[in-house]
Amino acid sequence: MYVIFVINYKGGVGKTTITANLSTELAYRGFNVLMTDLDP
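Here the sequence shown is numbered in the working numbering, starting from 6 and rising by one per residue.
And the structure:
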């Protein structure tokens with residue numbers, strides 16, 4: 006099992022976009038994907 010974190014303390018740098026695109030591509034390649042977005 007792989008765990009990937011996309012972290013940056015500054016807002017507006019595209020973390021959600023990168024995470025969504027990465028998880029979509031991994032799912033397309035056959036990986037089981039669970040994506041969560043924790044925005045405090």
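Quick reminder that beta carbons are idealized off the backbone N, C-alpha and C, glycines included.
Helix, strand or coil at residue i according to DSSP, with G and I counted as helix
{"i": "Leu43", "result": "coil"}
{"i": "Ile23", "result": "helix"}
{"i": "Tyr33", "result": "helix"}
Presumed contact (8 Å Cβ cut-off) between residue i and residue j, rounded CB distance
{"i": "Asn4", "j": "Lys20", "result": "Lying before the first or after the last residue shown, residue 4 is absent from the chain, which here runs from 6 to 45."}
CB contact below 8 Å: residue i versus chain C
{"i": "Thr24", "result": "Chain labels in this structure do not include chain C; a single protein chain is all it has."}
CA-to-CA distance, residue j to residue i, given in whole angstroms
{"i": "Thr4", "j": "Asp44", "result": "No answer is possible for residue 4: the residues shown for the chain start at 6 and end at 45."}
{"i": "Phe10", "j": "Thr41", "result": "10 Å"}
{"i": "Lys15", "j": "Thr22", "result": "14 Å"}
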